[in-house]
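Residue numbers (the numbering used here): 234 to 1193.
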């Protein structure tokens, strides 16, 4: 029988244990509070060095957003060194590759004269694609300046009329290039026009002094004046220029016809028509134009001209009805004529592009037959059309779409023959659209930066997935971005492989309300792959715009919809199949947002943390119906996902109800979650802006082992675990050793009194291959529209960053390169991909143009070498063949049955086996390739050796 214990003794013992536990917590909190003061107050006296992008060790810039790393915890008693002091020569070399991808500019694509190549203008380069296979043939980089306030960009590209191998390129700062697109020559030298802004360019071949010469006509602005200027370019030098027309309003959309006999441009609501006076100019100074101005009722968004017996000016207006008018200027000697514009109405909003076909029988690619007014519609495209180009022979249309893609359609069948699609993520700031020329009632434009969910499939690290929308304009139309699609990109070719909708979309339905406002679509906010890439978990959110709920009771957040979805990834084509959908995974009186989503690297398990302060673990289970397993048509058991554990990080301080919802809506809560490498530990950070706590949780039992206060300040941006080092990113970067229970070091992410906050976007990515992590910060000052972004790479045990690099555009995503490779992939707001890796480990070899691979040179050298070797090897064979031919000519009447078969020759031990080709029965090949299904076949190397063995084996000796 157990001894009895006095209740007073039990109470005294319990009070003693509580006092000791309280004292330990108080000491730990005091140590952490002193460490927090070290983050804010302690300043380092030494000038730390960092590794720059090119591998050299240089100090961070003076105005860097990342402070110098400082050890946070200083103990009076000696302890083991947690921070490793290293010299500059010991720092590993990190490199940043050139940007890949980018945004296609709002410029007409250029189709070459032979219709075999298409030239597209990007942010800083011209890219030449092959129309036969849609592959990148050549990437011609231009030295585009990226000033913070007035960045330079390409305005116009024109194929040279005199030499189809050259293309004219003009930039917004008045620089002009003449580039040979077949070789890339000419990109380093340019001609500068004195102007503040260049808005358009057209090039025509004009006969001057009985010689045809390319003359660029440009629209430039200097001060308050805008002019149409003709440039005299000879030997790649700008000799002189002549102003043809000058006025106060902005001139753009310049076009030319009939070797410069007529110039057409637009200026707000006016059409400018210039007629060449000097038909036979003996010098450049004799070129003169007489201009006429035609008033229109609306702003002109696009313009095209066709020269025939009558000159047709085709302009598209900017009225809400989207009317299009055609002005017929009749070249007649009769004095009694008038201009009668004809309007063609179909578009609900502004017309973005209009082009004449080569024979003049069609108006636009919503095809109008001008004679019969019949409308022919294209099949549904993935986004709105921004630009149209017609080939020289009129057999193909080149379309540039709003979702950063381009295609070529055959005019006969209206089917795509070429398709080029790059990174289709959202661009910030939003690119200018012709719809913005006239603001509509209730139209809102947001310039907020949002993180782009991105992930690399662990099963195939050459593919990366982004969450994208149905074009830029419709994605930015609501109070927040709409990204209902997932795009899979091949890093080897930087081409889009697939695009699939993960939420509800309106691709074919009417996406405008009765008031002319766009219908908003959900936004995918989180995504993560499982450890083997067989599962994908996504979180999508949607709430109605404020304008739609303004007359109703309650806020728009009360009508928020949040879904957690689990998708099965196909092993064949990587397509996604929805398996489970969880409505409101974190519900506390209403659908609360999900702060973070993490995948277990050791099993099929996901973890989510929401605004309700609850961590939920999700696992798959076999689907049953009435106790019986549910199977698919192939006989495999179906699975479903459900919540396996629920971990409450705090006690409910507010009950569920309308009052609790009103109180919680004012709390700026945030959170993050992360699994350890073996999946045994779950790290969570949760706070409301005033007090934040980091929890160390046993992932198997769901019990909270340790809670750490004072490590976060402000909004929680991310949390991670590398070995025993805990990394927490908020307004500060803190590295904490959970085994030794001590802070290693901390870095204050420098705040600015003139900034909108500590940071706009902050990212944390962990690379387990190199035991390093990357932190990206983006910040914008109040008086400036430019956003500065920096990326720093750290080691948990080294207080000095191994690399600090500033990026020209805001960083929207940072992901590790995946299994089997080290480094990081960075996505910026200009849809450009950057690879960050150690030494030569950057993915600079990915997405190389075919010209840079020098495949033609290799093929020529190999063909020459093989021809020489074949010539040497064929000498004895040729002698034998010649001898056989002579013997055959001597006995032409020999019967066919008397000719010895190849098997007989081999049986006699002759050396003439190489003369006859090897004969392999088809059944032997069938036995080899049909032995097993495709997924169970042996490696391709083994298959190759087995096939070569069949063809290289000696003939079988005949049995006697």
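For each residue, glycine too, the CB sits at the ideal point set by N, CA and C.
Can you give the Cα-Cα distance for residue i and residue j, rounded to whole angstroms?
{"i": "residue 472", "j": "residue 625", "result": "31 Å"}
{"i": "residue 356", "j": "residue 733", "result": "27 Å"}
{"i": "residue 862", "j": "residue 812", "result": "15 Å"}
{"i": "residue 789", "j": "residue 713", "result": "13 Å"}
{"i": "residue 823", "j": "residue 817", "result": "8 Å"}
{"i": "residue 415", "j": "residue 631", "result": "20 Å"}
{"i": "residue 550", "j": "residue 582", "result": "Residue confidence is low: residue 550 scores 47 on pLDDT, short of 50, so the model does not pin down where it sits. Its coordinate-derived value is still stated next. Spanning the two alpha carbons is a distance of roughly 10 Å."}
{"i": "residue 867", "j": "residue 418", "result": "58 Å"}
{"i": "residue 920", "j": "residue 328", "result": "36 Å"}
{"i": "residue 1158", "j": "residue 1182", "result": "11 Å"}
{"i": "residue 358", "j": "residue 533", "result": "29 Å"}
{"i": "residue 430", "j": "residue 384", "result": "11 Å"}
{"i": "residue 216", "j": "residue 584", "result": "Outside the displayed span of the chain (234 to 1193) sits residue 216, for which this structure offers no information."}
{"i": "residue 717", "j": "residue 658", "result": "11 Å"}
{"i": "residue 312", "j": "residue 805", "result": "The predicted model places residue 312 with a pLDDT of 39, which falls under 50 and marks its position as unreliable; any figure quoted below should be read in that light. Straight-line Cα distance between these residues: approximately 55 Å."}
{"i": "residue 1177", "j": "residue 1162", "result": "11 Å"}
{"i": "residue 775", "j": "residue 786", "result": "18 Å"}
{"i": "residue 761", "j": "residue 802", "result": "12 Å"}
{"i": "residue 458", "j": "residue 428", "result": "10 Å"}
Within the present structure, is the beta-carbon of residue i separated from the nearest heavy atom of the ligand FAD by less than 7 Å?
{"i": "residue 1174", "result": "No copy of the ligand FAD appears in this structure; indeed no ligand is present at all."}
Kindly indicate which three-state DSSP category residue i falls into: helix, strand or coil?
{"i": "residue 1027", "result": "strand"}
{"i": "residue 871", "result": "coil"}
{"i": "residue 864", "result": "strand"}
{"i": "residue 1181", "result": "helix"}
{"i": "residue 450", "result": "strand"}
{"i": "residue 699", "result": "strand"}
{"i": "residue 859", "result": "coil"}
{"i": "residue 1157", "result": "helix"}
{"i": "residue 1084", "result": "helix"}
{"i": "residue 780", "result": "helix"}
{"i": "residue 1175", "result": "helix"}
{"i": "residue 692", "result": "coil"}
{"i": "residue 706", "result": "helix"}
{"i": "residue 1162", "result": "helix"}
{"i": "residue 995", "result": "strand"}
{"i": "residue 643", "result": "strand"}
In the DSSP output, which residue or residues are listed as bridge partners for residue i?
{"i": "residue 1170", "result": "Per DSSP, none; premise fails for residue 1170."}
{"i": "residue 791", "result": "Looking at the DSSP assignment, residue 791 forms no beta bridge with any residue, so it has no partner."}
{"i": "residue 1013", "result": "1020"}
{"i": "residue 843", "result": "827"}
{"i": "residue 583", "result": "Bridge partners of residue 583: none, in fact."}
{"i": "residue 390", "result": "402"}
{"i": "residue 1040", "result": "1022"}
{"i": "residue 329", "result": "1069"}
{"i": "residue 1052", "result": "Looking at the DSSP assignment, residue 1052 forms no beta bridge with any residue, so it has no partner."}
Closer than 6 Å by C-beta to residue i: which residues in its own chain qualify, once you throw out the five before and the five after it? Chain order, please.
{"i": "residue 507", "result": "496, 522, 524"}
{"i": "residue 354", "result": "338, 340, 387, 390"}
{"i": "residue 361", "result": "350, 352, 370, 371, 414"}
{"i": "residue 952", "result": "905, 907, 916, 918, 961"}
{"i": "residue 748", "result": "none"}
{"i": "residue 650", "result": "641, 643"}
{"i": "residue 476", "result": "460, 462"}
{"i": "residue 1025", "result": "299, 1008, 1034, 1037"}
{"i": "residue 926", "result": "940, 942"}
Counting only the same chain and skipping the five closest in sequence on each side, list residues whose C-beta sits under 7 Å from that of residue i.
{"i": "residue 854", "result": "872, 873, 875"}
{"i": "residue 1028", "result": "1004, 1005, 1035"}
{"i": "residue 706", "result": "617, 635, 666, 668"}
{"i": "residue 938", "result": "929, 930, 931"}
{"i": "residue 1179", "result": "1161"}
{"i": "residue 814", "result": "796, 798"}
Taking 8 Å as the limit between beta carbons, can you name the residues of its chain near residue i, skipping five residues before and five after?
{"i": "residue 485", "result": "432, 433, 452, 498, 499, 500"}
{"i": "residue 696", "result": "689, 690, 721, 722, 723, 724, 730, 807"}
{"i": "residue 638", "result": "337, 615, 616, 652, 653, 654, 655, 657, 729"}
Checklist entry - What are the complete beta strand (DSSP E) segments, minimum 3 residues, inside the stretch 474-547? => result The qualifying runs are 485-490, 495-500, 503-509, 522-528, 533-539.
Next on the checklist: As an exercise, report each continuous alpha helix (DSSP H) stretch of at least 4 residues that is fully enclosed by the stretch 891-976, in chain order.
Outcome noted: Scanning the stretch 891-976 for uninterrupted alpha helix (DSSP H) segments of 4 residues or longer gives 891-897, listed from N- to C-terminal end.
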